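**Student:**
2 protein chains.
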Amino acid sequence: MTVKEVTAAFVIIGNEILSGRTKDANLNYLATFLNERGIQLREVRVIPDITATIVETVNELRAKFDYLFTSGGIGPTHDDITSASIAAAFGTEVYRHPDAEKVLFDQYVPEDRTPARMKMADVPRGATLIDNPVSKAPGFRIENVFTLAGVPKIFQAMLDELAADLVGGEPVKSVTVTTNLGEGVVAEGLEVIQNDYPDMDIGSYPFFRSGVFGTSLVMRSTSEDDLESAAEKVRGLIRSLGQEPLEGELSKDD
Amino acid sequence: MTVKEVTAAFVIIGNEILSGRTKDANLNYLATFLNERGIQLREVRVIPDITATIVETVNELRAKFDYLFTSGGIGPTHDDITSASIAAAFGTEVYRHPDAEKVLFDQYVPEDRTPARMKMADVPRGATLIDNPVSKAPGFRIENVFTLAGVPKIFQAMLDELAADLVGGEPVKSVTVTTNLGEGVVAEGLEVIQNDYPDMDIGSYPFFRSGVFGTSLVMRSTSEDDLESAAEKVRGLIRSLGQEPLEGELSKDD
Chain D
1 MTVKEVTAAF
11 VIIGNEILSG
21 RTKDANLNYL
31 ATFLNERGIQ
41 LREVRVIPDI
51 TATIVETVNE
61 LRAKFDYLFT
71 SGGIGPTHDD
81 ITSASIAAAF
91 GTEVYRHPDA
101 EKVLFDQYVP
111 EDRTPARMKM
121 ADVPRGATLI
131 DNPVSKAPGF
141 RIENVFTLAG
151 VPKIFQAMLD
161 ELAADLVGGE
171 PVKSVTVTTN
181 LGEGVVAEGL
191 EVIQNDYPDM
201 DIGSYPFFRS
211 GVFGTSLVMR
221 STSEDDLESA
231 AEKVRGLIRS
241 LGQEPLEGEL
251 SKDD
Chain W
255 MTVKEVTAAF
265 VIIGNEILSG
275 RTKDANLNYL
285 ATFLNERGIQ
295 LREVRVIPDI
305 TATIVETVNE
315 LRAKFDYLFT
325 SGGIGPTHDD
335 ITSASIAAAF
345 GTEVYRHPDA
355 EKVLFDQYVP
365 EDRTPARMKM
375 ADVPRGATLI
385 DNPVSKAPGF
395 RIENVFTLAG
405 VPKIFQAMLD
415 ELAADLVGGE
425 PVKSVTVTTN
435 LGEGVVAEGL
445 EVIQNDYPDM
455 DIGSYPFFRS
465 GVFGTSLVMR
475 STSEDDLESA
485 AEKVRGLIRS
495 LGQEPLEGEL
505 SKDD
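Protein chains in written order, with this note's numbering: chain D, 1 to 254; chain W, 255 to 508.
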């Protein structure tokens, strides 16, 4: 590996995910977004709307990884405690950011400028704003922590806004070879290939769809040469077991 | 609260979730399954296929919560390291469980009984098996830790198998009142209601669908009386703001 690995973690803040009410839709989007930029998502946590839990989790993960992203809890209601909690994690407090205040002031007609809505202009001291092109109330960055909205449309729009601020490593590329052979049939030969490429991540993912079983073998590496030679060995393994390898994804796991 | 709270955590083990290749489909299923049984899911982590990370995470969370569930990494290939890692977390090792061996032996014709497949009969010493009605290779339980397959169909079937072993607290019920008012409009009055019911979890979830904005107000409590009286106050709040409250979910967040 010639380029330093760049790592990230993601904290999803929300009782509604833990209770099953809401399905998270941000994890997969962020994982793909980071992967394309050479940033390796290493850990995700889903935690409740409890200040002490947010503070502890943010402080652990921002020290451990290059970037930390959070989603959820930056709206106008009493259960939106993320901004104050992030401030506490940094040993500071929130203040009314003048640019955020102006954005919200311009967004609402006078009778809609409720104290609750204007509270969305409160961010930790030292934070810079992340634009929200969907509904205006901004996210923010403080040091290596990016605090985004939980609503997927806004989360995604904020990611696009901050993309230029992220410095990635060499992107990890992948090659997928698919077979109708079972995992248990390819396992032994696959382990030999994995041992030939100790720095490569070779994953084996069984699938079952429309009555057809099979296995997707996914090689991930920053080296295209290694990827192609490993893929050729995997294709050879499948042929040696009496099948013709299939390229790409036949199916996501289901 | 008359009944002790029963809590749980969930560890999703899988590089494929972190890279964005695979969308997790188990979190929401487990959250709903536990919620229905009066077990409160308090934390979820997604971690990579790295033994030290699995050991550390499992030991932290099994001490902190009543139950811990894991998904992924119990198949036949080299990247399936969950069973050995759980064993290490408990200071023990895997052994070939005779009942699991028999299940796999009966499942496969002789030429399909590969060493890789038979390895799926290896579980930590002290573990009891969790039946897998889909593809036979079992999960297992050791103390308060339940180790399940990652493939959603199998994960769900294993949960059904182990359901009788779980002891839950009083189920948390919920009432949802929906309005086309924005969060920022109801926020102030909602906080007053929250303060009247300090033990109740009142969440506010904005939605936007087909060009219509609105807010779902979700009250969660073990007390149906409290739920109904709080819901009536929320309905009153909405009426005082000039709208007729709508019952139930108009829309999930999107």
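C-beta: ideal position from N, C-alpha, C; glycine also.
All figures in this text were calculated on a predicted structure; none of them were measured in a lab.
What's the call for Gly490(W), buried or exposed, on a 16-neighbour Cβ count within 10 Å?
**Tutor:** To locate residue 490(W), count along the second sequence from 1; it is residue 236. With fewer than 16 other Cβ atoms within 10 Å, it is exposed.
**Student:** Buried or exposed: Ser464(W), going by 16 or more other Cβ atoms within 10 Å of its Cβ?
**Tutor:** For this step, residue 464(W) is matched to residue 210 along the second sequence. With fewer than 16 other Cβ atoms within 10 Å, it is exposed.
**Student:** Just tell me which of Ile301(W), Ala441(W), Lys390(W) has its CA closest to the CA of Gly268(W).
**Tutor:** Numbered from 1 along the second sequence, position 14 holds the residue referred to as residue 268(W). Looking at the Cα atoms, Ile301(W) is the closest of the given residues.
**Student:** Curious, which full-length alpha helix (DSSP H) runs of at least 4 residues does the segment 67-107 of chain D contain?
**Tutor:** List check, alpha helix (DSSP H) in window: 82-89, 98-107.
**Student:** Thr433(W) and Leu383(W) - do their beta-carbons sit closer together than 9 Å?
**Tutor:** Taking the first residue of the second sequence as position 1, residue 383(W) is located at position 129. Taking the first residue of the second sequence as position 1, residue 433(W) is located at position 179. Cβ atoms of Leu383(W) and Thr433(W): not closer than 9 Å.
**Student:** Taking the beta strand (DSSP E) that Ala8(D) falls in, what are its first and last residues?
**Tutor:** Within the first sequence, numbered from 1, the residue matching residue 8(D) stands at position 8. Ala8(D) -> beta strand (DSSP E) spans 6-13.
**Student:** Note down, in chain order, all residues in the segment 54-78 of chain D with a beta-carbon under 7 Å from any beta-carbon belonging to chain W.
**Tutor:** Those residues of the segment 54-78 of chain D that come within reach of chain W (Cβ to Cβ, closer than 7 Å) are Gly75, Pro76, Thr77, His78.
**Student:** Let me confirm a value: Asp24(D) is counted as buried when at least 16 other C-beta atoms fall within 10 Å, else exposed. Which label applies?
**Tutor:** Indexing the first sequence from 1 puts residue 24(D) at position 24. With 16 or more Cβ atoms within 10 Å of its Cβ, Asp24(D) is classed as buried.
**Student:** Between the alpha carbons of Val431(W) and Ala485(W), how many angstroms are there, rounded?
**Tutor:** Residue numbering aside, residue 431(W) sits at position 177 when the second sequence is read from its first letter. Residue numbering aside, residue 485(W) sits at position 231 when the second sequence is read from its first letter. Distance between the alpha carbons of Val431(W) and Ala485(W): 7 Å.
**Student:** Quick one: residues in its chain with C-beta nearer than 6 Å to the C-beta of Pro293(D), no 5 flanking neighbours on either side, listed in chain order?
**Tutor:** With chain D covering 1 to 254 only, the question about residue 293(D) has no answer from this structure.
**Student:** From Thr222(D) to Val172(D), what does the alpha carbon distance come to, in whole angstroms?
**Tutor:** Position 222 of the first sequence, counted from the first residue, corresponds to residue 222(D). Position 172 of the first sequence, counted from the first residue, corresponds to residue 172(D). Those two C-alpha atoms are separated by around 4 Å.
**Student:** Counting contacts by CB-CB distance shorter than 9 Å, is Thr286(W) in contact with chain D?
**Tutor:** Taking the second sequence and counting its residues from 1, one reaches residue 286(W) at position 32. With 9 Å as the cut-off, Thr286(W) counts as an interface residue toward chain D.
**Student:** Pull up the distance between the alpha-carbon of Ala8(D) and that of Ala63(D), whole angstroms please.
**Tutor:** Within the first sequence, residue 8(D) is the residue found at index 8, counting from 1. Within the first sequence, residue 63(D) is the residue found at index 63, counting from 1. Distance between the alpha carbons of Ala8(D) and Ala63(D): 11 Å.
**Student:** Count the C-beta pairs between the segment 385-401 of chain W and the segment 322-342 of chain W that are closer than 8 Å, then say yes if the count reaches three, no if not.
**Tutor:** Enough Cβ pairs lie closer than 8 Å, so yes.
**Student:** Report the neighbours of Lys102(D) on chain W: residues whose CB is nearer than 8 Å to its CB, in chain order.
**Tutor:** Position 102 of the first sequence, counted from the first residue, corresponds to residue 102(D). None at all; the shortest Cβ gap to chain W is about 17 Å.
**Student:** For Ile271(W), would you say it is in contact with chain D, using Cβ-to-Cβ distances shorter than 9 Å as the test?
**Tutor:** The residue given as residue 271(W) occupies position 17 in the second sequence. Yes, because at least one Cβ of chain D sits closer than 9 Å to the Cβ of Ile271(W).
**Student:** Using a beta-carbon distance below 9 Å, is Val426(W) in contact with chain D?
**Tutor:** Residue numbering aside, residue 426(W) sits at position 172 when the second sequence is read from its first letter. True, the Cβ-Cβ gap to chain D drops below 9 Å.
**Student:** How would you list, in chain order, the residues of chain D whose beta-carbon sits under 9 Å from the beta-carbon of Ser458(W)?
**Tutor:** For the purposes of this step, residue 458(W) is taken as the residue at position 204 of the second sequence. The answer, in chain order, is Gly75, Pro76, Thr77, His78, Asp79, Asp80.
**Student:** Is Lys252(D) helix, strand or coil when you go by DSSP?
**Tutor:** The residue you call residue 252(D) lines up with position 252 of the first sequence. Note that Lys252(D) scores a pLDDT of 41, beneath 50, so its modelled location is shaky and nothing firm can be said.
**Student:** Within 10 Å of its beta-carbon, does Leu495(W) have 16 or more other beta-carbons around it, so buried, or fewer, so exposed?
**Tutor:** The residue you call residue 495(W) lines up with position 241 of the second sequence. Exposed, because fewer than 16 other Cβ atoms sit within 10 Å of the Cβ of Leu495(W).
**Student:** Among the candidates Gly150(D), Leu18(D), Phe105(D), Glu188(D), whose CA atom is the shortest distance from the CA of Phe462(W)?
**Tutor:** The residue given as residue 462(W) occupies position 208 in the second sequence. Cα-wise, what sits closest to Phe462(W) is Gly150(D).
**Student:** Between Glu347(W) and Arg395(W), is the Cβ-Cβ spacing less than 9 Å?
**Tutor:** As a first step, residue 347(W) must be located in the second sequence, where it is residue number 93. As a first step, residue 395(W) must be located in the second sequence, where it is residue number 141. Cβ atoms of Glu347(W) and Arg395(W): not closer than 9 Å.
**Student:** May I have a chain-ordered list of the alpha helix (DSSP H) segments no shorter than 4 residues that lie completely inside the segment 429-473 of chain W?
**Tutor:** Counting whole runs of 4 or more residues, the segment 429-473 of chain W contains the alpha helix (DSSP H) stretches 437-450.
**Student:** Please identify, using Cβ separations under 7 Å, the residues of the segment 431-450 of chain W that lie next to chain D, in order along the chain.
**Tutor:** The segment 431-450 of chain W vs chain D, Cβ under 7 Å: Glu437, Gly438, Val439, Ala441, Glu442, Leu444, Glu445, Gln448.
**Student:** Is it the case that the Cβ atoms of Ile328(W) and Leu420(W) are separated by a distance below 9 Å?
**Tutor:** Taking the second sequence and counting its residues from 1, the one referred to as residue 328(W) is at position 74. Taking the second sequence and counting its residues from 1, the one referred to as residue 420(W) is at position 166. Not in contact: Ile328(W) and Leu420(W) (Cβ atoms no closer than 9 Å).
**Student:** For a contact meaning CB atoms closer than 7 Å, what does Asn289(W) contact in chain D?
**Tutor:** Position 35 of the second sequence, counted from the first residue, corresponds to residue 289(W). What Asn289(W) touches in chain D: Ser19, Gly20.
**Student:** Against chain W, does Glu247(D) count as a neighbour if the rule is that its beta carbon must be under 9 Å from one of theirs?
**Tutor:** For the purposes of this step, residue 247(D) is taken as residue 247 along the first sequence, with counting starting at 1. By this cut-off, Glu247(D) is not an interface position.
**Student:** Can you tell me which residues form a DSSP beta bridge with Arg141(D)?
**Tutor:** Counting from one through the first sequence, the residue named residue 141(D) turns up at place 141. Answer is Thr128(D), Phe146(D).
**Student:** To the nearest angstrom, report how far apart Ala370(W) and Pro198(D) are at their CA atoms.
**Tutor:** As a first step, residue 370(W) is located in the second sequence; it is residue number 116 there, counting from the start. As a first step, residue 198(D) is located in the first sequence; it is residue number 198 there, counting from the start. Whole-angstrom Cα-Cα distance: 20 Å.
**Student:** Between His78(D) and Ala441(W), what straight-line distance do the alpha-carbon atoms span, to the nearest angstrom?
**Tutor:** For the purposes of this step, residue 78(D) is taken as residue 78 along the first sequence, with counting starting at 1. For the purposes of this step, residue 441(W) is taken as residue 187 along the second sequence, with counting starting at 1. Rounded to whole angstroms, His78(D) to Ala441(W) spans 7 Å at the Cα level.
**Student:** What are the residues of the segment 467-482 of chain W that lie near chain D, defined by any Cβ-Cβ distance shorter than 7 Å?
**Tutor:** Against chain D - using a Cβ distance shorter than 7 Å - the residues of the segment 467-482 of chain W are Val472, Arg474.
**Student:** Using DSSP bridges, identify the partner residues of Ile293(W).
**Tutor:** Stepping through the second sequence from its first residue, residue 293(W) is reached at position 39. Partner(s): Val260(W).
**Student:** Using a C-beta cutoff of 9 Å, does Gly301(W) count as contacting chain D?
**Tutor:** On the second sequence, residue 301(W) is found 47 positions in, with the first residue counted as 1. Reading the sequence as shown, one finds Ile at residue 301(W) and not Gly. Yes, because at least one Cβ of chain D sits closer than 9 Å to the Cβ of Ile301(W).
**Student:** Out of Met219(D), Glu191(D), Tyr205(D), point me to the one whose CA is closest to Phe213(D)'s CA.
**Tutor:** Start at 1 with the first residue of the first sequence, and residue 213(D) comes out as number 213. With distances taken between Cα atoms, Phe213(D) lies closest to Tyr205(D).
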